[in-house]
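Visitor: One structure coming up, written as structure tokens, with questions to follow.
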Amino acid sequence: MACSRLEESDLDSLLSELSEEDESKQMCSLMQICQMIAMGNEENLSTITVRKIIVRLIEFLKSNQTNFEIINHACRILSYSLEALPSSSSSVVEAVPMLLEKLYTVNCADVAEQIIKTLDDLSVKYGRKLVDYGTIDVLNYIDFFPLHTQRRIMKIVSNCCSNVYSAQWNTVSSSLPLLSARLNPEHDPKCVEYSVECFTHLVQNVKNDEKLLNEIATDSFLLNFQLALTNESQMVFEDVFKTFSILTSISTQLAVKLLRHDIHKTIKQQLTSKNRQRSPQQILLVLSLIDKLLPEVPRQGLFAINECLSSDANFWSWHWQDDDGSWRPYSKKENDCINAGSGVGEEVLTVTIYGKSYTIDLVRKIQTNDESGTKRPIRNSSVSPKRNKEEESTAKRFKADLIYENDSLYSDFIRTLFPCIYLLSVTTFCRRLEEKCSELMLKMVFYASAQLLSEVVKGTGICRRLSIMLARKSVKCNIEAIQICQCLLDKAATDFKEELVREGVLFCLSSLRRTPIRHPKPNNKPKVPINEKKKKFLSTLYPSRWHKNKTPREEPVEMDIEDQDSKMNDWIAKQTNSIVTGFFYNPPQNLVLNNLCRAVERWNLEEISDMIHKNDATPFEIEKSDLIEKLADFFCSPTTDNGLSIFLRIFNFDKLSSLISSLNECFYRKLVIERSKSDEIRSLSRQNIRIELIPIDKDTESFKGKVTVECSATARSLERFIFRNTSNHVTAKPIALFERPTIEFLHDDRVLPTHLTLFDALPQDEIFTKTHQIRYRKSIDVIVKADKIPIVLYSIWTHVCKTGIVPNYLFLSSKLTSSVRYVLSDSEQLPSWLLKISSSFPFVLPFDLRKSLFYLLSFETKSQRSSKVKQIVDRNRILDEAKKIIIENSNSSISLDIEFQEEVGTGLGPTLEFFSLVSNDLRKIESIWRPSQSLFPSPIGEDDEPDDLFEFIGKFLGKSLADHKIIDLPFSSVFYKWLLGMENELTFEDLKYLDPDLADSCSKLKNMDPKDLRKLEVDFTLPGYENIELKPNGQHIILDSSNISEYLNLVVDWTLRRGVSRQMNALRHNLNIILPVSNLRLFYPNELESLFCGDQYAPWSSKMLNECTKADHGYTHNSPAVQNLIEILTTFDLVQQRAFLQFVTGSPRLPFGGFRSLSPPLTFVEKVVYESPDKYLPSVMTCANYLKLPNYSTIDIMREKVTVAINEGQFSFYLS
């Protein structure tokens, strides 16, 4: 019956049985109908048939039916109908009133669950009807259901709330307190997420009704809605700030109410939290809320010019220029599209006009036809739509008055958030974020009192920021900086004048004061006549009917773009002149700069160090004093070594730290000021340049031909392209930062710098319209002259780190770190300035960022490495099979996915164990290693052949990095120095670390009495390796006082260099097949162990374990079993930690960062057993890092069972 079309007579018979009083017949009929629908589909079920069933079921359930099983089957038929025949939903929804009645009256969990499932299925499509039926009232019963059902109820209510408007408000108003209570983070996170979603829908739907908004925004709601941000969901974060923004923009009273509930503390926590990395779009939501909470600045006086640079995308009208020079507007659709992209910070976007694709470059103001390549200028003009000026003015006055009425609230708001906004502005490299921060700082400075400016703003470094804004070639930046300067000087001139001078603000203002004022030129260009065909084509792009229906009210008032430019430049010149003459007619002397200039000229290091350290010389003062140039000349001089001791004696720890910090600030200032050009290049990343590559060398196989490349490409990119397209280079090499180019490129006989983009390196004239001929040849010596600051920083680092005067971490730059972190999270395309940092002085960045940078440079992105190759391995032949697998896949970007023969385990765990087991087998091969705790090759004689294993180890190391897998090989620091190419820098001090006994013996020999030394009869063979002669015929040369120095030098040389060179060179060569070995120079030698082998041993604390692990599926972190386990883990030593990690994850070591970096995180789940838990051992699921832990009766039993499991349950994968 279920598989064929049901006869109407059979169906009528079954439905008639529902009228019988015999419950057994009713039950039998329901079961048959239920089975028929459950196994049916749209082919063998008709809408008419199902509707007949549903109508009869509704009548049946309306009767006084009390048999829970019968009711449950009837409800199940309704649910199955929705699944088997979705079109039946219009009939099923009519049963909702009856279902709700049964839900409220029937005390049966199964029935209730079935009803809620049906309501859930209906709520997506019929939310509005469910609202009318009063479905939201189901919230009153939510606490009687288990967690999974509570989540379903909250989902139903959320879908209903998306259909609640002012007319339906009475259906939800009584449930608002219940919804608000569900926002509390003590509730289930998913329920909190749905509750936030409910309020987001409600606020969005009634945002034009201030009365209803006030009904929503009760004190408890405002408090709980902020608490909901403890939820880790990204959607919760975005919904909370979007909702708050709507509330504060509609109601000024609600904005003040939100301030009273300490919204500024919540915002600060979200902006400064280090536990969660927020995207630029999410931070913009936070800044938007801050903007809504603050009143607008006036539109007259100092701020009247803001009309010319309105950032509101809705007030821009975009035009394109046709062939006769006329400006034609885009249609409303395209105009809105361009404004939408501009509003979110897009710099290049694509629009479709009459089926043709056009690329719009908002930075260069060019429209490109993607098919023909035709380029046309575009422009935007400010549109001032007609406003109700009286209403607008009243609203602004009302909001501004609230500041004075609630002075303490706004003072706390500015006091708390201004430092956060400032810090964000100096660390972000997102243009839109930077602009928003500047706007907010301007508002805060304008509305802050003089006392507040002195207390809060002065200590942030705002003047340094202003000097950067004024030095950049951005009219908007210049204007906002001038406005902030004016506000600071008007209110607190005595507090800021000296700082404005020392930070270079006065210097920049004086420069802008002389900015030529450009006036609009009359358009005397005669119009070129065009033929009828072209006129017809243009009319299709700009039909007259587009504007036929416009009413006078909709007609915008436009300002010509040339008038805007002229007006803004005129304003800048006049305003800067007013500031300079009004406040600095008798400027304070910059004594620090004057004294520093004299000290630099005399090269008086004592005075220079004191002024940098004691007087805290600013980046502007350091740059203007020529100190950087002098330092660069000093460190690059051949006599550097002679003067270095004097330099280091004068620049002690504190003074050297100040110098390093100042140089980092100078570089950051230079980087930000010049970033406008970098932004332009990044915005052109979709613009292509046509080039023709012509080889100069005729004797080698080369690539020749025309290619199209992105203008953000560099000469190094062309080099990799040539490698790819010549027969003797099969695959492209990744970016090798520290290797010199092997090819140099010439344009008009001028060598192109390898670090510049083609957009920078080629002539700007007709850069996008002509084909540029670029010739290339083998590089003889391509050395790019670097900036002075990197030279100085690198020189100090190389000299100072060897002496150990200051630790490495003092070179870290917090501002550069934040900027690089943003760049790496926002894009996989690295800007040229970041490549410069990486290759010149990577030590200014922390390890985790350099690691991310290393992977981005050395390997393909994760999206390109998503595929895996499955390999089945025999545990008993692990090393032999590893050699075959690694060698076969060394040139492949595909990751390994290991399974062990005759074992069921798959995924991450077995793969990690494979790398761990291979490491273990390699470690056991004593013949290739020195007898030491740390691994380093055993030396061999000049006539001995190196073991082939070193070739395999090189590929094994490379594959482990490529696949993001940690290994368990404790290499010595000398080994890592070899990988970094530092073998020629190895000394006797390295021998002490590698072999303390040998170093001690050498020291004793050096200090021994000559007579006793001769009696030892030591020959010139390597200690411990009698077959290796230190020099020809060394076995017959006896050690004495005359040759002791030569002997010790040869022992060091053979132990650290000559005896291991062939092994290490083979290893490096094979590692280089997988990744550029030179990129490892991003790291210090002692950091390479963290890169290859993960985290080093450290005791586990209960705080760390609670923060970095999860508890789920029956456990929480408050569960006694979880707390007992954490207490046990804190007592583990190194051996026990390794055993536990091997058992749980498949690897005995954690990645760098410890448990915080473990992905997926270690999760404790309850192991449900049907007998006494004390009889069972824990089990694991290594692919998810799950530890399945029985709920043991005591901590001692747990300790015993965990110890047995981690010691006996390793090295096999079976079903747990």
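So the sequence shown is numbered by the UniProt record's numbering: it starts at 1 and just counts up by one. For each residue, glycine too, the CB sits at the ideal point set by N, CA and C.
How many Å lie between V157 and T1131 at the Cα?
Guide: Within the sequence shown, numbered from 1, the residue matching residue 157 stands at position 157. Within the sequence shown, numbered from 1, the residue matching residue 1131 stands at position 1131. Whole-angstrom Cα-Cα distance: 48 Å.
Visitor: If you reduce the DSSP assignment to three classes, tell me which class M1008 lands in.
Guide: Here residue 1008 refers to the residue found at position 1008 when the sequence shown is read from its first residue. Three-state result, M1008: coil.
Visitor: Is L453 near the ligand GDP, with its Cβ less than 8 Å from a heavy atom?
Guide: Absence of the ligand GDP is noted for the structure shown, with no ligands found whatsoever.
Visitor: Count the other C-beta atoms from every protein chain shown that fall within 10 angstroms of the C-beta of P807, then say buried if there are 16 or more, exposed otherwise.
Guide: In the sequence shown, residue 807 corresponds to position 807, counting from 1. Label assigned to P807: exposed.
Visitor: Leaving aside the five residues before and after L1039 along the sequence, list all residues of the same chain whose C-beta is less than 6 Å from its C-beta, in chain order.
Guide: As a working mapping, residue 1039 is identified with position 1039 in the sequence shown. Answer for L1039: V1018 and Y1047, listed in chain order.
Visitor: Compute the Euclidean distance between the alpha carbons of E1208 and C420, then round it to the nearest angstrom.
Guide: Here residue 1208 corresponds to residue number 1208 of the sequence shown, with the count starting at 1. Here residue 420 corresponds to residue number 420 of the sequence shown, with the count starting at 1. Their backbone Cα atoms lie some 53 Å apart in a straight line.
Visitor: Do you know offhand how far F584's Cα is from F496's?
Guide: For this step, residue 584 is matched to residue 584 along the sequence shown. For this step, residue 496 is matched to residue 496 along the sequence shown. Rounded to the nearest angstrom, the two C-alpha atoms are 12 Å apart.
Visitor: Quick check: the Cα distance between L409 and F418, rounded to an integer number of angstroms?
Guide: Residue mapping note: residue 409 aligns to position 409 of the sequence shown, counting from 1. Residue mapping note: residue 418 aligns to position 418 of the sequence shown, counting from 1. Taking the straight line from one Cα to the other gives about 14 Å.
Visitor: Mapping DSSP to helix, strand and coil, what is I366?
Guide: Reading the sequence shown from its first residue, position 366 is the one you call residue 366. Here I366 sits in strand by DSSP.
Visitor: Buried or exposed: where does D997 fall if 16 or more other Cβ atoms within 10 Å of its Cβ makes it buried?
Guide: Taking the sequence shown and counting its residues from 1, the one referred to as residue 997 is at position 997. Exposed, by the Cβ-count rule.
Visitor: Span of the alpha helix (DSSP H) holding N1027?
Guide: On the sequence shown, residue 1027 is found 1027 positions in, with the first residue counted as 1. Not the alpha helix (DSSP H): N1027 falls in the beta strand (DSSP E), residues Y1025 to E1029.
Visitor: Spell out the partners DSSP gives T708 in its beta bridges.
Guide: The residue labelled residue 708 in the question sits at position 708 within the sequence shown. Note: T708 sits in a beta bridge opposite R690.
Visitor: Buried or exposed, going by whether 16 or more other CB atoms sit within 10 Å of the CB of W978?
Guide: The sequence position of residue 978 within the sequence shown is 978, counting from 1. The residue is buried, with at least 16 neighbouring Cβ atoms inside 10 Å.
Visitor: What is the DSSP secondary structure of Y358, counted as helix, strand or coil?
Guide: Here residue 358 refers to the residue found at position 358 when the sequence shown is read from its first residue. Y358 falls in the strand class under three-state DSSP.
Visitor: What's the gap between the Cα of S1157 and the Cα of P1151?
Guide: Numbered from 1 along the sequence shown, position 1157 holds the residue referred to as residue 1157. Numbered from 1 along the sequence shown, position 1151 holds the residue referred to as residue 1151. Using only the alpha carbons, I get a separation of about 6 Å.
Visitor: Is it buried or exposed, P1032, if we count other Cβ atoms within 10 angstroms and call 16 or more buried?
Guide: Taking the sequence shown and counting its residues from 1, the one referred to as residue 1032 is at position 1032. Under this definition P1032 is an exposed residue.
Visitor: Under the rule that 16 or more other beta-carbon atoms within 10 Å means buried, what is M36, buried or exposed?
Guide: For the purposes of this step, residue 36 is taken as the residue at position 36 of the sequence shown. It counts as buried.
Visitor: Where D1009 and I1037 are concerned, what is the direct C-alpha to C-alpha distance, given to the nearest angstrom?
Guide: Here residue 1009 corresponds to residue number 1009 of the sequence shown, with the count starting at 1. Here residue 1037 corresponds to residue number 1037 of the sequence shown, with the count starting at 1. Going from the Cα of D1009 to the Cα of I1037 covers about 19 Å.
Visitor: Would you call F244 buried or exposed, if buried means 16 or more other Cβ atoms sit within 10 Å of its Cβ?
Guide: Taking the sequence shown and counting its residues from 1, the one referred to as residue 244 is at position 244. It counts as buried.
Visitor: Out of curiosity, what's the CA-to-CA distance linking I484 and L835?
Guide: For the purposes of this step, residue 484 is taken as residue 484 along the sequence shown, with counting starting at 1. For the purposes of this step, residue 835 is taken as residue 835 along the sequence shown, with counting starting at 1. Rounded to whole angstroms, I484 to L835 spans 34 Å at the Cα level.
Visitor: Following the continuous alpha helix (DSSP H) through A492, name the residue where it begins and the one where it ends.
Guide: As a first step, residue 492 must be located in the sequence shown, where it is residue number 492. Looking at the DSSP string, the run of the alpha helix (DSSP H) that includes A492 is V475 to R502.
Visitor: Compute the Euclidean distance between the alpha carbons of I885 and K965, then round it to the nearest angstrom.
Guide: Start at 1 with the first residue of the sequence shown, and residue 885 comes out as number 885. Start at 1 with the first residue of the sequence shown, and residue 965 comes out as number 965. The alpha-carbon atoms of I885 and K965 are separated by roughly 15 Å.
Visitor: For C430, count neighbouring C-beta atoms within 10 Å of its own C-beta (all shown protein chains included) and say buried if the count is 16 or more, exposed if not.
Guide: For the purposes of this step, residue 430 is identified with residue 430 of the sequence shown, where counting begins at 1. Under this definition C430 is a buried residue.
Visitor: So, helix, strand or coil for Y776, using DSSP?
Guide: Translated into positions along the sequence shown, residue 776 becomes position 776. Correct three-state label for Y776: strand.
Visitor: What separation, rounded to the nearest whole angstrom, lies between the Cα atoms of I468 and L896?
Guide: For the purposes of this step, residue 468 is identified with residue 468 of the sequence shown, where counting begins at 1. For the purposes of this step, residue 896 is identified with residue 896 of the sequence shown, where counting begins at 1. The straight-line gap from Cα to Cα measures roughly 49 Å.
Visitor: So with Cβ pairs under 9 Å, would you call W603 a contact of chain D?
Guide: In the structure shown, chain D cannot be found, because there is only a single protein chain.
Visitor: Look at the alpha carbon of Q114 and the alpha carbon of I872, and state the distance between them as a whole number of angstroms.
Guide: Numbered from its first residue, the sequence shown carries residue 114 at position 114. Numbered from its first residue, the sequence shown carries residue 872 at position 872. Their backbone Cα atoms lie some 46 Å apart in a straight line.
Visitor: What three-state label does DSSP hand Y993 in the structure shown?
Guide: By 1-based counting over the sequence shown, the position of residue 993 is 993. In this structure, Y993 counts as helix in the three-state DSSP scheme.
Visitor: Using only alpha-carbon positions, find the residue among L922, P910 and L991 that is nearest to A1184.
Guide: Here residue 1184 refers to the residue found at position 1184 of the sequence shown. For A1184, the nearest C-alpha among the options comes from P910.
Visitor: Pick out the complete beta strand (DSSP E) segments inside the region 845 to 895, 3 residues or longer, and give them in chain order.
Guide: Taking only runs of at least 3 residues, the beta strand (DSSP E) segments lying wholly in the region 845 to 895 are 868 to 873.
Visitor: Which one of S88, T135 and H73 has the shortest CA to CA distance from V96?
Guide: Counted from its first residue, the sequence shown places residue 96 at position 96. The option with the nearest alpha carbon to V96 is T135.
Visitor: Which one or two residues does DSSP pair with E744 in a beta bridge?
Guide: Counting from 1 along the sequence shown, the entry for residue 744 is found at position 744. Bridge partners of E744: R777.
Visitor: Do S81 and S90 count as a contact pair if the criterion is CB distance below 9 Å?
Guide: Here residue 90 corresponds to residue number 90 of the sequence shown, with the count starting at 1. Here residue 81 corresponds to residue number 81 of the sequence shown, with the count starting at 1. Not in contact: S90 and S81 (Cβ atoms no closer than 9 Å).
Visitor: What are the boundary residues of the beta strand (DSSP E) that includes R328?
Guide: As a first step, residue 328 must be located in the sequence shown, where it is residue number 328. Segment W327 to P329, the beta strand (DSSP E) holding R328.
Visitor: Tell me whether S438 is buried or exposed, calling it buried when 16 or more other Cβ atoms sit within 10 Å of its Cβ.
Guide: Along the sequence shown, one-based indexing puts residue 438 at 438. By the neighbour-count rule (16 or more Cβ atoms within 10 Å), S438 is buried.
Visitor: Q901: buried (16+ other C-beta within 10 angstroms of its C-beta) or exposed?
Guide: Along the sequence shown, one-based indexing puts residue 901 at 901. Label assigned to Q901: exposed.
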